[in-house]
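I have placed the structure first, in the form of structure tokens, so that the comments after it can refer back to it.
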Amino acid sequence: MYPAAFAYSAPETLDEALATLSQEGESARVLAGGQSLIPMMKLRLASPAHLVDINNISGLDHINSANGYLRIGALVRHNDIVNSADIAAHNGAIASAAPWVADPLVRNRGTLCGSVAHCDPEGDWNSVMLAVRAEVVAQSATGERVIPIDDFVVDFFTNSLEPGEIVTEVRIPKYTGKGGGAYLKLERKIGDY
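Using this note's numbering, the first residue of the sequence shown is number 10, and each one after it goes up by one.
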């Protein structure tokens, strides 16, 4: 099946993306990896009137540690997390979960922030983000807010973003001292839920 008709824009800056999202309101959706959104659009389970593709915006593809947090930007692909020395050094749960997210095709294109924002109950990341007490950083034309993950996830496929907001990064408190974390996934075959 083909998705319903929609408008498409690919802004070059975050300010342009936020202006479009503010103008379009609830009818707009952000496109980063599209690994969850596009299949839902094809099945007509989601029918946004406007897609705002953020892939041309610089500065959203960062993985770094600052002020006691690991910071993962909105355009960081799952495979970037698999290969990140910063994440491997500071958070075993995230490092051990990343290679098990979906399948290799999805890991090459999908994003952690997109997966978190999608709130799919069968997705891998939200359970990990709850366990590590992550925070979602949301930006709008009027400012930024930081949302604890347990307030961000409202229900199946429902988050607490306001119209006009975009997830710019997920922050995870860095562990200090001794401790560790791991993620185990039971599946019959690769890509199983």
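By construction, the Cβ of each residue, glycine as well, lies at the ideal position given by its N, Cα and C atoms.
- Counting along the chain, no alpha helix (DSSP H) covers Asp164; the unbroken beta strand (DSSP E) around it starts and ends at Val162 to Asp164.
- Considered as a whole, the stretch 120–144 harbours 121–127 and 134–140 as its complete alpha helix (DSSP H) runs of no fewer than 4 residues, in chain order.
- The C-beta distance from Pro57 to Ser36 rounds to 6 Å, short enough to meet the 8 Å contact threshold.
- Between the stretch 76–89 and the stretch 97–111 there are three or more C-beta pairs closer than 8 Å, enough to call the two in contact.
- One Cα belongs to Leu54, the other to Gln44, and the distance between them is close to 14 Å.
- Cβ-Cβ distances below 8 Å link Asp133 to Ala106, Trp109, Val110, Ala111, Ser124, Tyr192 and Lys194 in the same chain, with the five nearest sequence neighbours on each side left out; the list follows chain order.
- Under DSSP, the beta-bridge partners assigned to Gly152 are Ser149.
- Buried is the label assigned to Ala143, since at least 16 other Cβ atoms lie within 10 Å of its Cβ.
- Closest by C-alpha distance to Ala126, out of Gly77, Asn117 and Pro157, is Pro157.
- Assigned with DSSP and collapsed to three states, His59 falls in strand.
- Shown here, Val85 sits in coil according to DSSP, grouped into three states, outside any helix or strand.
- Secondary structure of Pro48 (DSSP, three-state): helix.
- Using a Cβ distance threshold of 7 Å, Val155 and Val141 do not count as a contacting pair.
- By the beta-carbon neighbour count (other beta carbons within 10 angstroms, threshold 16), Gly152 is exposed.
- Counting along the chain, Arg38 sits inside the beta strand (DSSP E) bounded by residues Ala37 to Leu40.
- Per the coordinates, the alpha-carbon of Lys183 lies some 30 Å from the alpha-carbon of Ala26.
- Checking the DSSP bridge columns, you'll see Glu174 has no partner listed.
- With respect to the C-alpha of Ala19, the residue from Met138, Ile90, Gly34 and Leu60 having the closest C-alpha is Leu60.
- Distance from the CA of Ala16 to the CA of Val39, rounded to the nearest whole angstrom, comes to 12 Å.
- Less than 7 Å separates the beta-carbon of Thr120 from that of Gly42.
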